[in-house]
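My numbering runs 46 ahead of the 1-based position in the sequence shown.
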Amino acid sequence: MIFLRLVRESVMFALHALWVNKLRTILSLLGITIGIFAIIAVFTGIDSLEINMRKSFDKLGTNVVYVQKWPWTFGPNYAWWKYWQRPLTTVEEAELVAERCHAASEVAFQASDNGTVKYRNNSADRVTILAVSQTMDRIQNYEFSEGRFFSEIESAGGRNLAILGANIASSLFPLGNALGKNIKVMGRSVRVVGVLKKEGESMFDTGGDNTVIIPLKFAGNIMYIKGPAANPMIMVQARPGIPNSELISELEGVMRSIRKIRPGEESNFALNESKLLTNNFSGIFTVLSLVGLIIGGFSILVGGIGIANIMFVSVKERTNLIGIQKAIGAKSHFILIQFLSESITLCLIGGFFGLMIVWFGTIVASSLLDMEFSLTFGNVMIGVLASGLIGVIFGFIPAWMASRMDPVEAIRS
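Have a look at this one:
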């Protein structure tokens, strides 16, 4: 209780000293505010980018494996010349995978192209046209604002139907009512049967807001789905309770048997999953966090030096008061806690203003960049702990010098 009372009185004394010397307090706050703002702003930006990236990759499906020509890997050892010679995946291979792969619950095929979509005088250029098999709906779990997905009969019959992304629907039909309308997709007339819910912008454009989805069999009439430009892929979803590792192991054997690859020969296909992309980018964000820590560390160092300078001045101004306090019985630890509390309090106030600026900045950035920036609880705690630690480190030496003063010499000053 005595210790808590001592701390409370020290904090009150520190606040009084800060209030009396307003200009000095403001200048001190400015240095530490800028320091905390710099480091927390960098961390917040990096964390927000990483969260947005992971959300984008989650749309790919955590239990889905993609059979493609190109692997999702990066680095200097990327053997593109070898991958270039690999054959493309085909619809026939997707059908065989669905028959032979027992660990798969669903198998779908997808190809893509870019084209122009028109409705009367409204048009959208370079729209992503996705040609998908009927089972794609069970893998992607599309959410519709209106309408539906293709039926099995419509997909098998190659009906000229289309599902519009939210942005495409708003561009072609500003007043709504897209269902049942006939639009032109790459010059061919198709009927709109569904409009997807708006997903919002994503870091890697994995969403469906700017896409038009058409049945795979119909797509063969307006685009070349077997060429490299179509980026054909087989999407395989694992059964409930089966990990991706088990699915990949079986899928490897199924694809090798389909393509008649001999034992010992290297596979001429890639089995990709969203975890590969996440792992590749995790290293990048680790480096960015380290760079941010270094940049913010220099800012904090400048602010801490300012705090130490102000505390030395404060000790010098109150030397005679320190002598009086020690003469009437104040212990050295009381003087130490008194000045250390002043330093910590000053840093915490500066850190609070720095965090407030970062919080306001996240609101402005989110509205301007159409991307969600948020000040996480973890970054708030980093800011608070960093502020307190700066107060302890840069305020200890001045406080220690004050506590070691001789009362007689201090009163004479």
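All residues carry an ideal CB built from backbone N, CA and C; glycine is no exception.
Keep in mind it's a predicted model, so treat the numbers as computed, not measured.
- When the Cα atoms are used, Met301 and Ile199 turn out to be separated by approximately 28 Å.
- Around the Cβ of Ile229, a 10 Å sphere holds 16 or more other Cβ atoms; the residue is buried.
- Contact between the segment 137 to 156 and the segment 340 to 348 is absent, with fewer than three C-beta pairs closer than 8 Å.
- Each of Leu221, Arg234, Ile439 was checked against the Cα of Arg205, and the nearest Cα belongs to Arg234.
- Ile97 and Gly254 have their C-alpha atoms some 19 Å from each other.
- For Gly204, there is no enclosing beta strand (DSSP E), since its DSSP letter is neither H nor E.
- Under the three-state reduction of DSSP, Gly240 is assigned to strand.
- Leu73 and Gly396 have their C-alpha atoms spaced approximately 10 Å apart.
- Counting only the Cα atoms, Thr90 lies some 8 Å from Val404.
- The alpha-carbon separation between Ile92 and Ile80 amounts to approximately 18 Å.
- The beta carbon of Ala373 lies closer than 6 Å to those of Pro453 in the same chain, with the five residues before and after it left out.
- Its Cα nearest to that of Gln156, the residue Gly273 stands out among Gly273, Ile436, Met58, Ser412.
- Under DSSP, no beta-bridge partner is assigned to Ser216.
- Here Gly193 has Leu225, Val239, Gly240, Val241 as same chain residues with Cβ atoms under 6 Å from its own Cβ, once five neighbours each way along the sequence are excluded.
- Note that the C-beta distance between Thr408 and Pro278 is not below 8 Å.
- Between Phe264 and Ile209, the alpha-carbon positions lie close to 13 Å from each other.
- For Pro133, the number of other beta carbons within 10 angstroms of its own is below 16, and it is reported as exposed.
- If you look at Ala154, you'll find it in the beta strand (DSSP E) that goes 150 to 165.
- Linking Val348 to Glu388 through their CA atoms gives a straight-line distance of about 19 Å.
- Taking Leu421 as the centre and dropping the five residues before and after it, the same chain places the C-beta of Ile86, Thr90, Leu401, Val404, Trp405, Thr408 closer than 8 Å to its C-beta, in chain order.
- Residue pairing from DSSP places Tyr112 in a beta bridge opposite Met281, Asn318.
- In this chain, the alpha helix (DSSP H) harbouring Gly400 covers 378 to 415.
- Counting of Cβ neighbours within 10 angstroms places Gly329 among the exposed residues, the total staying below 16.
- For Asn168, DSSP records a beta bridge to Tyr165.
- Taking C-beta atoms as the reference points, Ser191 and Ala212 count as a pair closer than 8 Å.
- In the three-state DSSP reduction, Thr174 falls in the strand class (E or B).
- Phe190 is bridged by DSSP to Leu242.
- Looking from the CA of His62, the closest CA among Trp118, Ser360, Ser216, Asn123 belongs to Ser360.
- Per the coordinates, the alpha-carbon of Ile370 lies some 34 Å from the alpha-carbon of Leu431.
- Put simply, of Leu394, Lys362, Ile436 the residue whose alpha carbon is nearest the alpha carbon of Ala448 is Lys362.
- Taking the Cα positions, Ser320 is about 58 Å away from Phe380.
- Cβ neighbours of Val426 within its own chain (closer than 7 Å, five residues either side excluded): Leu401.
- Excluding residues up to 5 positions away in sequence, Val111, Leu317, Glu319 lie with their Cβ nearer than 8 Å to the Cβ of Ile294 in the same chain.
- Under the three-state reduction of DSSP, Arg308 is assigned to coil, being neither helix nor strand.
- As the crow flies, the alpha-carbon of Asn366 is around 8 Å from that of Glu455.
- In this structure Leu207 is in contact with Ile260, their Cβ atoms being roughly 7 Å apart against a cut-off of 8 Å.
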